[in-house]
Amino acid sequence: MNNQIIVSTEKTEKIRIRPAVLTKFVTNITFRAVCQFFIIGVMIYAGWNFYGFYEYLRGNGEILAPYRPPVVEAFLPFAAVVASKVMFVTGEIDSVHPAGLVIFIAILLTAWIFRRGFCSWICPIGTLSEYLGKLGQKVMGRNLMMPKWLDILLLVLKYVTLLVILKLLLFLPTTEAEIFMQTPFYKISDIKMLEFYLNIGLVGILVIIILMSLSFLFKTFWCRYLCPYGALLGIIGIFSPVVLKKNNNSCIKCNKCNQVCPNKVNIKEKNQIVISTECIGCTSCVSTCPQPDTLKFTAFGQLQVSPLVYSVGVLAVFFGVIVIGMLTGHWESSLDISDFKSLYQQMLGGF
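Just so we're aligned, residue 1 is where the sequence shown starts under the UniProt record's numbering, counting upward by one.
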């Protein structure tokens, strides 16, 4: 392959599989799409409410009961990382942004049990990246492919980003982390995040356009090359009891598994256990395979896990942790409306 970006020469013929398998395939793919867009809907609804809360703090609008949805803390990963270090060392759970910490724990636990299932079933950024790639494939006929050397080089980026974050976490003294968590900046970091995106500027807009364009041209560009979350979950997933197994004796090398894989895992050439930190557990390969029991998820080496059980398991673990957080009082912030209004005024004055 020449060292340049070329158009994929992979076959794009329509996938034809047995009716019984087709039923499973459609059901599984449809269920995943429903889950993905349900999460997108929740994020849009939360974002709208959060913007209303922000306008209330600014003194605009006639909102009688402003609501700050805790789920917005999912977009404060640095705060969650700092809070997780403090919790691990001291046992203290962050009361200012507890939802962010709970979501972070839910993601990590999901990865430990079901590998990168969060990426394919829940993550809204992953959904956006995936569907931009699908749109690109529809418009152009096929996505572009990176030359192998560049693909390997770019894969390193998200691990380098993850390494920087982990280094910061490991070398940040716990006392300094605790002090930082008491600062006005930390307490109102969600508002700061919103203001950043509301006033993103030309450079920020260009960066977003470039990233979206790359995801349009190259399948799941963000997830494969840039997302440090995905890098972390891929590493944690190595220790998962759930693995994807392949029966080489019954495999007919039809390449359908590779065609449907959103993250370009070369399943066809893998041996008995498909080991890849890029596998996001979408289960499309298992559902698409025309050969019975050739591709299957197993737990603890023997117990077969169907695509439906896998997907329900991912959702149950993730949302189960969140429910536990709610029931134990670790979801809503300890700050009330008056606290946020006071902090916002401090922010306007500079701190």
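Even glycine gets a Cβ: it sits at the ideal position worked out from N, Cα and C.
Scanning SER287, ALA83, LEU335, ALA316 for the CA closest to the CA of THR174 turns up ALA83. Along the region 77-102, the alpha helix (DSSP H) occurs as fully enclosed runs of 4 or more residues at 77-90, listed in sequence order. Per DSSP, the beta bridge partners of PHE297 are LEU244, VAL305. Fewer than three Cβ pairs drawn from the region 84-99 and the region 210-226 lie within less than 8 Å of each other, which leaves the two stretches out of contact. In terms of Cβ geometry, LEU76 and ASP190 form a close pair [threshold 8 Å].
Shown here, PHE218 sits in a strand according to DSSP, grouped into three states. Beyond the five residues adjoining it in sequence on each side, SER129 comes within less than 8 Å, by CB distance, of SER215, THR220, PHE221, TRP222, CYS223 in the same chain, given in chain order. The C-beta distance from CYS251 to THR294 rounds to 5 Å, short enough to fall under 8 Å. MET140 and CYS35 have their C-alpha atoms roughly 27 Å apart.
Between the alpha carbons of TYR310 and VAL286 lies a gap of roughly 11 Å. With 16 or more other CB atoms across the displayed protein chains lying within 10 angstroms of its CB, GLU278 is buried. Relative to ILE324, the option among VAL305, PRO147, ILE105, GLU176 whose CA is nearest is ILE105. Closest in C-alpha terms to SER240, from the list ALA79, ALA299, ILE39, comes ALA299. Here MET181 carries a coil assignment [DSSP, helix/strand/coil]. Of all alpha-carbon atoms in ILE39, PHE31, ALA33, the one lying nearest the alpha-carbon of PHE319 is that of ILE39.
For the pair GLU73 and ILE113, the CB atoms are not nearer than the 8 Å cut-off.
In chain order, GLY136, ASN143, LEU144 place their CB closer than 7 Å to the CB of LEU217, counting only its own chain and leaving out the 5 sequence neighbours on each side. Note that the C-beta distance between LYS268 and ASN258 is below 8 Å. Burial is judged here by how many other beta carbons sit within 10 angstroms of a residue's own beta carbon; ALA33 has fewer than 16 and is exposed. From the listed residues VAL89, LEU308, ASN248, GLY100, the smallest Cα separation to ALA79 is found for GLY100. Within the model, the alpha-carbon separation for LEU315 versus PHE31 is close to 12 Å. Under the three-state reduction of DSSP, MET146 is assigned to coil, being neither helix nor strand. In the three-state DSSP reduction, VAL274 falls in the strand class (E or B).
In the three-state reduction of the DSSP assignment, VAL34 falls in the helix class.
Secondary structure of PRO124 (DSSP, three-state): helix.
Here VAL207 is not near PHE297, since their CB atoms are 8 Å or more apart. Here TYR159 has ALA231 as same chain residues with Cβ atoms under 6 Å from its own Cβ, once five neighbours each way along the sequence are excluded. Distance from the Cα of ILE209 is smallest, within the candidate group ASP336, LEU157, LEU132, for LEU132. Spatial neighbours of ARG115 in its own chain (CB-CB distance under 7 Å, excluding positions within 5 residues in sequence) are listed in chain order as GLY237, SER240, VAL242, CYS279, GLY281. DSSP places LYS187 in the helix class (H, G or I) of the three-state scheme. The Cβ atoms of LEU303 and LYS187 lie no closer than 8 Å to each other.
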